[in-house]
Amino acid sequence: MKLLLDTHALLWWLLADPKLGPAARDLIADPTNDVLVSVASLWEIQVKVRVGKLRADLGDILDAVRDQGFEVVGITPAHLLALGDLPRHHGDPWDHLLIAQAKAEDAVFLSEDRHVPAYPVAFVTCSGSAQAGRGMSAPEPSGPF
0 MKLLLDTHAL LWWLLADPKL GPAARDLIAD PTNDVLVSVA SLWEIQVKVR VGKLRADLGD
60 ILDAVRDQGF EVVGITPAHL LALGDLPRHH GDPWDHLLIA QAKAEDAVFL SEDRHVPAYP
120 VAFVTCSGSA QAGRGMSAPE PSGPF
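Residue numbers for the sequence shown follow numbering that gives the first Met the number 0, beginning at 0 and rising by one.
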């Protein structure tokens, strides 16, 4: 399975934060899953660092992402086309782009964002429960489910 991590899921993984539950951790750690990290998440982190909302070192995060074997996904025209097809259920531009990327990459979006169920994307909550957004079927779980 391909998993695209929401920004908070990435940070919770790297910090071993208990907000990322054991089932979600198992999905990320499963070597048969491809874990994707979007450049949009890295951009979001850097913006939040610059405005004082987050204390982090992007270089350290990039090193950790590489060390974990995660794939960094750029922003492609296919992602932007998928973004144009999404409804606007809330105003976070990073979430919109990440959801569009998950759709375009045929990846399951790992997020705790309460707005995600309103979008047509397969997702898993940070507690690890498989969900399906509007018009989708839930992803087939792998690992300990």
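Even for Gly, the Cβ is constructed at its ideal location relative to N, Cα and C.
Looking only at C-alpha atoms, which of the options sits nearest to residue i?
| i | options | result |
| --- | --- | --- |
| Gly73 | Ala99, Gly20, Leu85 and Val107 | Ala99 |
| Leu10 | Lys47, Pro30 and Asp29 | Lys47 |
| Lys18 | Leu41, Ala8, Glu70 and Ile27 | Ala8 |
| Ala39 | Asp29, Gly90, Thr75 and Leu13 | Thr75 |
| Glu70 | Glu104, Arg54, Gln45 and Gly51 | Glu104 |
| Asp62 | Ala121, Leu13 and Lys52 | Leu13 |
Which residues in the same chain have their Cβ closer than 6 Å to the Cβ of residue i, if we skip the five residues on either side of it in sequence?
| i | result |
| --- | --- |
| Asp56 | none |
| Ala15 | none |
| Asp33 | Lys1 |
| His78 | Ala99, Gln100 and Ala103 |
| Gln67 | none |
With DSSP collapsed to three states, give me the class of residue i.
| i | result |
| --- | --- |
| Ala137 | Here Ala137 scores only 49 on pLDDT, less than 50, and its place in the model should not be relied on; the value that follows carries that caveat. It is coil, neither helix nor strand. |
| Leu3 | strand |
| Asp33 | strand |
| Leu166 | Not covered by the structure: residue 166. The range shown for the chain is 0 to 144. |
| Ala121 | strand |
| Leu19 | coil |
If I measure Cβ to Cβ from residue i and keep anything under 8 Å in the same chain, skipping five residues before and after, which residues do I get?
| i | result |
| --- | --- |
| Ser126 | Gly20, Ala22, Ala23 and Glu111 |
| Glu43 | Thr6 and Trp93 |
| His88 | His114, Ala117 and Tyr118 |
| Gln45 | Leu57 |
Contact defined as beta carbons within less than 8 Å: I believe residue i pairs with residue j. What is the distance between those atoms, to the nearest angstrom?
| i | j | result |
| --- | --- | --- |
| His95 | Leu109 | With 8 Å as the limit, His95 and Leu109 do not qualify as a contact, their Cβ atoms being about 16 Å apart. |
| Leu80 | Leu35 | Not confirmed; about 18 Å, so no contact. |
| Val120 | Ala101 | 5 Å |
| Leu82 | Ser37 | Not really, about 12 Å apart at Cβ, beyond 8 Å. |
Original post:
Which ranges would you report for the alpha helix (DSSP H) in the segment 47-99 if only whole runs of at least 4 residues count?
Top reply: 57-67 and 76-84
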